[in-house]
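Enquirer:
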Amino acid sequence: MSTPAAPRAILFDLDGTLADTAPDLAAAVNLLRSARGLEPTAYEILRPTASAGARGMIGASFGLAPDDDGYLELRDGFFSNYEAAMAVHSRLFDGIPELLAGIEAAGLQWGVVTNKSQRFTDPLLPQIGLGHAACAISGDTTAHAKPHPAPLLEAASRLKLAPDQCWYVGDDLRDIQAGKAAGMLTIACGWGYCGATEPQHWEADYLFQQPAELLALLQATLVAGALAA
161 MSTPAAPRAI
171 LFDLDGTLAD
181 TAPDLAAAVN
191 LLRSARGLEP
201 TAYEILRPTA
211 SAGARGMIGA
221 SFGLAPDDDG
231 YLELRDGFFS
241 NYEAAMAVHS
251 RLFDGIPELL
261 AGIEAAGLQW
271 GVVTNKSQRF
281 TDPLLPQIGL
291 GHAACAISGD
301 TTAHAKPHPA
311 PLLEAASRLK
321 LAPDQCWYVG
331 DDLRDIQAGK
341 AAGMLTIACG
351 WGYCGATEPQ
361 HWEADYLFQQ
371 PAELLALLQA
381 TLVAGALAA
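Numbers in our numbering are just positions in the sequence shown, counted from 1, shifted up by 160.
1) Quick one: residues in its chain with C-beta nearer than 6 angstroms to the C-beta of GLY343, no 5 flanking neighbours on either side, listed in chain order?
2) Are the CB atoms of LEU268 and GLY237 within a distance shorter than 8 angstroms?
3) For my contact list, ARG207 and TYR353 are in at a C-beta cut-off of 8 angstroms; report their separation, rounded to the angstrom.
4) Compare the Cα-Cα distances from TYR240 to each of ASP300, LEU171, ARG251 and ALA188 and report the closest residue.
5) Just reading off the alpha helix (DSSP H) that GLN115 is part of, what are its end residues?
6) Please report the straight-line C-alpha distance between THR201 and ALA293, rounded to a whole angstrom.
7) Between the alpha carbons of ASP335 and ASP173, how many angstroms are there, rounded?
8) Whose C-beta lies closer than 6 angstroms to the C-beta of LEU185 among residues of the same chain, with five residues either side of it excluded?
9) Under 8 angstroms between the Cβ atoms of THR274 and GLY291?
10) Let's test the definition: count the other Cβ atoms within 10 Å of the Cβ of LEU374 and tell me whether it reaches 16, buried, or not, exposed.
11) Is the beta carbon of LEU171 sitting closer than 8 angstroms to the one on ALA261?
12) Could you name the residues that DSSP lists as bridge partners for TYR231?
13) Taking buried to mean at least 16 other C-beta atoms within 10 Å of its own C-beta, is GLN369 buried or exposed?
14) What does the Cβ neighbour count give for GLY176, buried or exposed, with the cut at 16 atoms within 10 Å?
15) Between the alpha carbons of TRP270 and ALA165, how many angstroms are there, rounded?
16) Based on DSSP bridge pairs, tell me the residues matched to GLY352.
17) Could you check where the beta strand (DSSP E) with GLY271 kicks off and where it finishes?
18) For the alpha helix (DSSP H) that contains ALA195, what are its first and last residues?
19) By DSSP's criteria, ALA179 is part of a beta bridge. Which residues make up the other side?
Okay, here's the thing in structure tokens:
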């Protein structure tokens with residue numbers, strides 16, 4: 161693939177893309193199990209579902225879907241547990257601080273577009289070192305969540321950019337679907353949770369295994385742009 165045009169901004173999913181939040185999400189659902197006298201669900205089972213939030217955690221731990229009896233009670237309990245301890249073990253992935261610093265050093269913007277509710281996004285970001293994002297769009301910011309493109313289009317609008325001036329990076333098929341629908345270049349991050357399907361099948365424009373690969377691509381586009389100027 162030829163080097164793409166340099167972006168004006170890079171937008172990121174949050175859980176499984178910028179930050180490893182699975183430990184605190186898993187702890188929140190296992191508190192529900194311990195309160196019911198049940199053994200905790202193994203972390204290895206819960207981690208791949210972390211990008212799906214409450215739906216993923218409760219599905220993996222209790223075998224319930226949103227339309228099932230008892231799901232709403234579990235969801236509300238999960239939310240309460242998570243809200244009380246959302247940044248105990250959550251950390252940025254290795255290489256993310258350097259990637260964000262490289263984006264800023266290039267004079268570009270970066271932002272967050274997540275399906276996490278604003279109730280959790282807004283307090284979490286500053287606790288894990290992401291409070292200086294140029295924009296933060298949550299799953300309930302617009303009328304639709306990803307894979308609908310509305311949250312990404314809202315982010316571009318807030319940054320006063322055309323969608324095709326933005327790249328979108330995510331670790332779930334929904335992220336790539338939303339980015340494509342919004343007209344953005346899409347990047348699948350293999351360092352994330354990646355859910356039940358393999359990211360090589362998502363038809364993203366790029367698939368990277370480390371944040372440094374994304375930074376290298378960005379730097380190459382900037383060099384190519386400078387040479388063409």
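The beta-carbon is built from N, C-alpha and C at its ideal position, and this holds for glycine as well.
Expert: Put simply:
1) Cβ neighbours of GLY343 beyond the five flanking positions: PRO323 and ASP324.
2) Cβ distance not < 8 angstroms, so GLY237 and LEU268 don't count as in contact.
3) Indeed they touch by this definition, with Cβ atoms about 6 angstroms apart.
4) It is worth fixing the name first, because residue 240 is Ser in this sequence and not Tyr. SER240 has its Cα closest to that of ALA188, out of ASP300, LEU171, ARG251 and ALA188.
5) Residue 115 cannot be examined here, being either before or after the span of the chain that is shown, 161 to 389.
6) Using only the alpha carbons, I get a separation of about 34 angstroms.
7) So the alpha carbons of these two residues sit roughly 7 angstroms apart.
8) Excluding residues within five positions, the ones whose Cβ falls inside 6 angstroms are ALA210 and MET217.
9) No, Cβ-Cβ distance for THR274 and GLY291 is not below 8 angstroms.
10) In this structure LEU374 is buried. Its beta-carbon is surrounded by 16 or more other beta-carbon atoms within 10 angstroms.
11) No, these two residues do not count as a Cβ contact at 8 angstroms.
12) TYR231 pairs with nothing; no bridge assigned.
13) The C-beta of GLN369 has fewer than 16 other C-beta atoms within 10 Å across all chains shown, which makes the residue exposed.
14) Buried.
15) Going from the Cα of TRP270 to the Cα of ALA165 covers about 16 angstroms.
16) GLY352 is bridged by DSSP to nothing; it lacks a bridge partner.
17) Note, GLY271: beta strand (DSSP E), 269 to 273.
18) That run of the alpha helix (DSSP H) goes 182 to 195.
19) For ALA179, which the question treats as bridged, DSSP gives the partners ASP175 and LEU252.
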